[in-house]
Structures are given as C-alpha cells and as structure tokens.
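2 protein chains.
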Amino acid sequence: MKNIVLFLRYDGTNYHGWQSQKNGTTVQEIVSEAIRRLTGEPPLPELHGCGRTDAGVHALHYVANFHSETIIPVDRLPYALKPFLPEDIACYDACEAPEDFHARFSCLEKKYVYKLYSSRIPDPFLKNRAYFTPMALDLEAMQDGASRIVGKHDFACFRAANFTAKGSVRTVYTCSVRKTDDDCIEISVSADGFLYNMVRIISGTLYYIGTGKLTPEDIDSMLASGDRLEAGVTLPPHGLYLESARYPEGSFIRA
Amino acid sequence: MKNIVLFLRYDGTNYHGWQSQKNGTTVQEIVSEAIRRLTGEPPLPELHGCGRTDAGVHALHYVANFHSETIIPVDRLPYALKPFLPEDIACYDACEAPEDFHARFSCLEKKYVYKLYSSRIPDPFLKNRAYFTPMALDLEAMQDGASRIVGKHDFACFRAANFTAKGSVRTVYTCSVRKTDDDCIEISVSADGFLYNMVRIISGTLYYIGTGKLTPEDIDSMLASGDRLEAGVTLPPHGLYLESARYPEGSFIRA
Numbered sequence: 624m625k626n627i628v629l630f631l632r633y634d635g636t637n638y639h640g641w642q643s644q645k646n647g648t649t650v651q652e653i654v655s656e657a658i659r660r661l662t663g664e665p666p667l668p669e670l671h672g673c674g675r676t677d678a679g680v681h682a683l684h685y686v687a688n689f690h691s692e693t694i695i696p697v698d699r700l701p702y703a704l705k706p707f708l709p710e711d712i713a714c715y716d717a718c719e720a721p722e723d724f725h726a727r728f729s730c731l732e733k734k735y736v737y738k739l740y741s742s743r744i745p746d747p748f749l750k751n752r753a754y755f756t757p758m759a760l761d762l763e764a765m766q767d768g769a770s771r772i773v774g775k776h777d778f779a780c781f782r783a784a785n786f787t788a789k790g791s792v793r794t795v796y797t798c799s800v801r802k803t804d805d806d807c808i809e810i811s812v813s814a815d816g817f818l819y820n821m822v823r824i825i826s827g828t829l830y831y832i833g834t835g836k837l838t839p840e841d842i843d844s845m846l847a848s849g850d851r852l853e854a855g856v857t858l859p860p861h862g863l864y865l866e867s868a869r870y871p872e873g874s875f876i877r878a
Numbered sequence: 624m625k626n627i628v629l630f631l632r633y634d635g636t637n638y639h640g641w642q643s644q645k646n647g648t649t650v651q652e653i654v655s656e657a658i659r660r661l662t663g664e665p666p667l668p669e670l671h672g673c674g675r676t677d678a679g680v681h682a683l684h685y686v687a688n689f690h691s692e693t694i695i696p697v698d699r700l701p702y703a704l705k706p707f708l709p710e711d712i713a714c715y716d717a718c719e720a721p722e723d724f725h726a727r728f729s730c731l732e733k734k735y736v737y738k739l740y741s742s743r744i745p746d747p748f749l750k751n752r753a754y755f756t757p758m759a760l761d762l763e764a765m766q767d768g769a770s771r772i773v774g775k776h777d778f779a780c781f782r783a784a785n786f787t788a789k790g791s792v793r794t795v796y797t798c799s800v801r802k803t804d805d806d807c808i809e810i811s812v813s814a815d816g817f818l819y820n821m822v823r824i825i826s827g828t829l830y831y832i833g834t835g836k837l838t839p840e841d842i843d844s845m846l847a848s849g850d851r852l853e854a855g856v857t858l859p860p861h862g863l864y865l866e867s868a869r870y871p872e873g874s875f876i877r878a
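Chains as they are written, first to last, in the working numbering: chain V, 624 to 878; chain F, 624 to 878.
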C-alpha cells in the first residue's frame with residue numbers, strides 16, 4: 624500500500640471549503656471522486672487534507688494524502704488526474720510519503736495570506752480574489768500591529784466567538800504586511816496551528832488598525848484579555864489563501 | 624456639451640468584445656446603458672472606444688469618450704456609474720477632454736500584452752486570463768524574434784487572412800517578452816495601429832519561436848513576403864489585454 628501525497632491548488636470560489644459536509648460541493652469530494660474514477664479502487668480513499676478551508680477560501684499549495692494500491696506511477700498522477708478534475712482545481716505535483724505521514728497531523732507549520740485591495744473603485748480582475756475597501760490603509764501601522772502578534776500566545780481574542788472548546792494557545796512564527804505588485808496589501812501569517820477564523824479575524828484587526836479604528840497597541844491589550852470583542856471584524860473568505868504547509872524532512876519521497 | 628472621457632478596466636470573459644453587434648452582449652452596450660440610466664439622457668450617448676477588442680479579450684486601461692449635458696461632476700462619474708455596472712467592468716477614472724477629442728481617432732499609440740503560462744499543469748487562477756501551454760519556451764529566442772518586429776513595416780503576414788482591405792503598413796514602437804512575477808511569459812506590443820488579430824498572430828509566432836517550430840530569423844522572412852502562412856498560429860483571445868492607449872498632451876482636462 625502506497626501513501627500518496629498530492630499537491631493541490633484551487634480557486635475556492637465555487638466550493639463549500641475543503642472538508643466534505645452535508646450542504647454543497649467541497650474540494651475534498653471532488654478530488655476524492657477524481658481519484659476513485661482514475662484508480663477504479665473501491666471504496667473511496669480517505670483523502671486527508673492539511674487543513675480545513677472555509678467556503679470561498681483559496682489554496683495556492685495545499686497538501687493532501689491517501690493510501691492506495693494503484694499501479695499508476697506516482698509522478699504521473701498530476702497528468703492522469705487532470706481529465707477528472709474541474710479547471711478550478713489543479714493537482715500540480717505528487718509523490719510518496721512514509722507510511723505514517725498524515726497531511727494534517729504531520730504538519731509542522733501552515734502559512735496563510737489575506738489579500739486586501741484598497742482603492743477608489745474595485746478591480747474586476749480581483750473579484751472573488753481580494754477584499755475590496757475604499758478606505759486608505761496605513762501600512763506602517765498595520766506592520767507594527769502584525770509584529771505584536773508573533774510569538775506563543777493565547778489567541779482566544781482571534782477565535783470565532785462560538786468556538787470555545789479546547790485550548791487556544793498557538794505559536795505564530797511570522798506575521799507581516801506588504802504591498803504586492805498587483806497593488807494589493809497582503810497579510811501573511813504562519814503558525815503551528817490556527818483557531819477557527821483566526822486569520823480572517825487577525826486580518827480584520829490589522830485592517831481596523833490600517834483605517835485608524837484600532838491602534839497597534841490595542842493588539843497587546845486584546846491578546847492579554849482574550850476578548851473577541853476587542854479585536855476587529857472577521858473579513859470575508861474570498862481574500863484568504865492557504866499559501867503553504869511545512870512538514871518534517873523526509874516526508875516526501877521522490878523516485 | 625461636455626466631452627467626457629472614461630477610463631475602464633474589464634474582464635472580457637463574458638463579453639463579445641467591445642463593439643456593439645448583433646450577437647451577444649458587448650462592453651460598449653453595457654457601459655452605454657449604464658451612462659443612459661445614470662444621466663437619464665435620451666438618446667443613448669455615442670460611446671467611442673479606443674479600439675475594438677474581440678470576444679474574451681480583456682482591458683486594463685481602456686479609454687472611451689462621449690458627449691453629454693450631464694450636471695454630475697465629471698470626477699464623481701466613477702462612483703456614480705458603479706451601481707449601474709457589473710463587477711467585471713469598472714470605470715476607475717473620468718475627466719473632460721477638448722471638444723474634438725475622440726478615443727479612437729485621437730489615439731497616438733496603443734499597447735497590448737499577451738500572457739502565456741508555460742507549465743506542467745494549468746493554474747486555476749489563470750483560467751481565462753492566460754494561454755496555457757505544456758511546452759517549455761525559449762525566452763531568449765522569443766526576445767530575439769520580438770526585437771525584429773519593431774519598426775515601420777508592412778505587417779500583412781500578421782493579419783487575419785480574410786482581412787485584406789486597406790494598407791497594412793504600421794509602426795511597432797516596442798515589442799518585448801518578459802517573465803512576470805506570477806510565472807507567466809508576457810509579450811508586449813505597442814504600435815500606432817493594429818491590423819485585425821495582429822497581436823494574437825505576433826504572439827502565436829513568438830510562441831512558435833519559443834517552442835523551436837520557427838526561428839527568430841523567420842520573422843525577417845515573413846515580414847518581407849507578407850505571407851500569413853509563414854507566421855504562427857492565432858492564439859486564443861483570453862490571453863490578450865489592452866494595456867493602455869496614449870494621446871496628445873492636453874487631451875485630458877482635470878478640474
């Protein structure tokens with residue numbers, strides 16, 4: 624039995640996120656079905672993803688794995704899967720992994736980016752791809768705020784209010800804000816794990832700092848209080864991208 | 624009567640090009656109708672565009688003008704038009720122009736870019752936005768070919784075969800090929816005027832040079848012969864963008 628890793632990239636606009644659920648089509652379902660049709664293996668392989676993405680969230684480098692007896696050479700899988708995948712989901716690479724590799728549990732670090740487009744008028748080419756705001760944003764203040772998020776903290780203030788189970792201590796490795804070539808402001812956050820809606824709330828909080836509604840110092844206060852109400856708005860999903868996932872060395876075996 | 628200039632940006636995927644025609648919705652129709660609804664002026668203003676774009680072709684900075692008695696301040700038009708325009712067409716700027724300004728006839732130079740994505744697997748985020756090819760492309764050979772297109776030539780070889788009326792001498796000011804940040808290869812062509820399908824045929828010819836099917840030297844020969852059959856394929860419209868249009872100084876009057 625091979626443990627096969629797929630590297631995916633998807634435009635999440637038309638999907639109800641990664642994880643299979645009752646309502647709406649998910650990326651996991653579509654890719655699982657493509658694998659089943661390609662390999663002809665019953666039952667459906669269990670396709671493990673590196674993380675849940677919400678409806679409308681995109682992925683640039685998503686990692687998933689499944690076990691299979693397929694005789695198709697693993698490095699040919701991207702080409703073999705292509706006819707079974709829609710144009711908004713691509714498998715651009717594949718390899719084998721050690722038996723115990725698990726896309727979610729083996730993951731050491733994930734990185735998300737949130738794209739904001741601040742301008743007078745929305746850009747047609749950024750529809751569903753960046754959050755539009757007519758407000759001017761203070762980049763330096765946002766960068767100051769972002770730097771205060773880095774580190775091991777209780778991130779309860781950046782968690783959707785109705786999700787209170789389990790601990791909320793995480794380590795944020797990097798949090799930065801930059802202007803991109805396509806005139807967007809990009810917020811990047813990498814961490815060992817994320818609470819529900821954490822990146823969208825961090826982005827909304829930095830957005831409020833950018834508009835002057837909050838100050839960079841407020842970050843320290845909300846981290847200390849753990850109060851969701853002190854943080855900013857939860858920005859919509861269409862500006863969010865899973866950028867990458869990092870694994871221990873030796874996780875990916877290539878022929 | 625004011626002569627009003629609109630600066631537009633549109634994703635051409637869902638339109639049958641700029642120019643109104645019998646079959647299919649055009650950008651010109653949509654913008655004309657938005658102006659009519661906003662100003663309440665009968666009859667429809669004549670909306671002059673800087674050039675025809677084919678079905679599926681995009682525009683980053685399109686220039687159009689019309690005459691109107693509207694009392695809406697011209698600098699407010701982008702905001703005022705927004706509710707009447709679909710999300711894939713934006714008016715991002717507006718100003719006045721001298722009485723005799725005409726978006727098409729006053730235009731001194733237009734610039735188009737054609738985006739190619741050369742990779743193993745198509746990128747979901749470039750669907751309808753770049754031409755995908757699994758072929759590796761020789762960038763240097765393409766650049767060599769591009770440099771031979773610059774200048775005043777008879778461009779009959781780069782004109783759709785069924786369009787033979789009028790002269791085919793044009794001046795290409797710049798023609799270049801570069802790798803972009805999003806891993807595309809971008810062909811840029813600026814000229815005083817373009818023949819029908821000229822940029823798509825130039826792009827197809829440089830694409831053939833990139834794959835080795837043609838050589839840079841073949842450009843000299845096809846320019847000399849004027850034979851469309853010596854040039855490369857007409858690449859599809861969805862990789863093409865009208866980048867900008869240049870006008871004489873003093874064309875744009877701002878309050």
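Here a beta-carbon is modelled for each residue, glycine too, at the ideal position from N, C-alpha and C.
Using only alpha-carbon positions, find the residue among the options that is nearest to residue i.
i                            : options                                   : result
serine 579 of chain F        : F:Phe748, F:Asp723, F:Lys738 and F:Lys775 : In the structure displayed, chain F extends from 624 to 878; residue 579 of chain F sits before or after that span and is not available.
serine 799 of chain V        : V:Ser791, V:Ile810 and V:Asp806           : V:Ile810
aspartate 691 of chain F     : F:Ala713, F:Phe707, F:Pro721 and F:Gly679 : One point to set straight first is that residue 691 of chain F is serine, not aspartate, in the sequence displayed. Answer by Cα proximity: F:Pro721.
alanine 726 of chain F       : F:Phe630, F:Gly855, F:Leu739 and F:Cys807 : F:Phe630
phenylalanine 590 of chain V : V:Arg793, V:Cys730, V:Gly663 and V:Met624 : Only positions 624 to 878 of chain V appear in the structure, and residue 590 of chain V is not among them; the question remains open.
arginine 793 of chain V      : V:Leu818, V:Thr648 and V:Pro706           : V:Leu818
isoleucine 825 of chain F    : F:Cys730, F:Ile772, F:Thr648 and F:Asp850 : F:Ile772
tyrosine 830 of chain F      : F:Met758, F:Ser655 and F:Tyr735           : F:Met758
glycine 827 of chain V       : V:Thr649, V:Asp815, V:Ile842 and V:Ala814 : V:Ile842
methionine 821 of chain V    : V:Phe781, V:Leu749 and V:Asp805           : V:Phe781
isoleucine 832 of chain V    : V:Leu749, V:Ala769, V:Tyr870 and V:Gly862 : V:Ala769
isoleucine 808 of chain V    : V:Asp634, V:Gly672, V:Leu760 and V:Val650 : V:Leu760
proline 745 of chain F       : V:Ser813, V:Glu710 and V:Asp815           : V:Glu710
arginine 632 of chain F      : F:Asn646, F:Leu708, F:Ala703 and F:Pro839 : F:Leu708
tyrosine 719 of chain V      : V:Gly647, V:Thr693 and V:Ala657           : Rather than tyrosine, the amino acid found at residue 719 of chain V in this sequence is glutamate. When only C-alpha atoms are compared, the closest one is V:Thr693.
alanine 687 of chain V       : V:Lys705, V:Val650 and V:Ala703           : V:Val650
leucine 762 of chain V       : V:Asn785, V:Thr834, V:Val736 and V:Phe728 : V:Thr834
serine 655 of chain F        : F:Ser813, F:Ala784, F:Pro668 and F:Asn646 : F:Pro668
glycine 816 of chain V       : V:Phe748, V:Phe728, V:Thr648 and V:His684 : V:Phe728
arginine 823 of chain F      : F:Gly790, F:Gln642, F:Ser867 and F:Pro860 : F:Pro860
valine 680 of chain V        : V:Ala657, V:Val736 and V:Leu670           : V:Val736
On the DSSP bridge assignment, give the partners of residue i in chain order.
i                         : result
threonine 794 of chain V  : V:Lys775
valine 736 of chain V     : V:Ser811 and V:Tyr864
glutamate 719 of chain F  : F:Ile627 and F:Ile876
isoleucine 712 of chain F : F:Tyr633
valine 801 of chain F     : In the sequence on display, residue 801 of chain F carries arginine and not valine. Per DSSP, F:Glu809.
arginine 869 of chain V   : V:Glu732
tyrosine 702 of chain F   : None; tyrosine 702 of chain F has no bridge partner.
threonine 918 of chain V  : Residue numbering for chain V in the displayed model covers 624 to 878; residue 918 of chain V lies beyond these limits and cannot be assessed.
How would you call residue i, buried or exposed, if buried means at least 16 neighbouring beta carbons within 10 angstroms?
i                        : result
proline 701 of chain V   : buried
arginine 752 of chain V  : buried
alanine 682 of chain V   : buried
valine 628 of chain V    : buried
proline 696 of chain F   : exposed
leucine 865 of chain V   : buried
aspartate 698 of chain F : exposed
aspartate 856 of chain F : With the sequence shown as reference, residue 856 of chain F is identified as valine, and aspartate is not the correct amino acid for it. Classification of valine 856 of chain F: exposed, given that the 10 Å Cβ count is below 16.
leucine 837 of chain V   : buried
leucine 858 of chain F   : buried
lysine 734 of chain F    : buried
proline 871 of chain F   : exposed
aspartate 850 of chain V : exposed
alanine 878 of chain V   : exposed
leucine 704 of chain F   : buried
leucine 852 of chain F   : exposed
glycine 672 of chain V   : buried
leucine 731 of chain V   : exposed
proline 881 of chain V   : Residue 881 of chain V cannot be examined here, being either before or after the span of chain V that is shown, 624 to 878.
glycine 862 of chain F   : buried
alanine 854 of chain V   : buried
Quick one: complete beta strand (DSSP E) runs, 3+ long, within the segment 632 to 699 of chain F?
-> Given a length threshold of 3 residues, each whole run of the beta strand (DSSP E) inside the segment 632 to 699 of chain F is given here in chain order: 681 to 691.
Along the chain, which unbroken stretches of the alpha helix (DSSP H) at least 4 residues long are found entirely within the segment 804 to 844 of chain F?
-> 821 to 834
Inspect the CB distances between the segment 740 to 755 of chain V and the segment 705 to 715 of chain V and report whether three or more fall short of 8 Å.
-> no
Cβ contact (3+ pairs, closer than 8 Å) linking the segment 776 to 785 of chain V and the segment 831 to 847 of chain V = yes
Are the segment 666 to 678 of chain V and the segment 631 to 644 of chain V touching by the rule of at least three beta carbon pairs closer than 8 Å?
-> yes
Is there contact between the segment 728 to 744 of chain F and the segment 654 to 665 of chain F, where contact requires at least three CB pairs shorter than 8 Å?
-> Verdict: no, contact absent.
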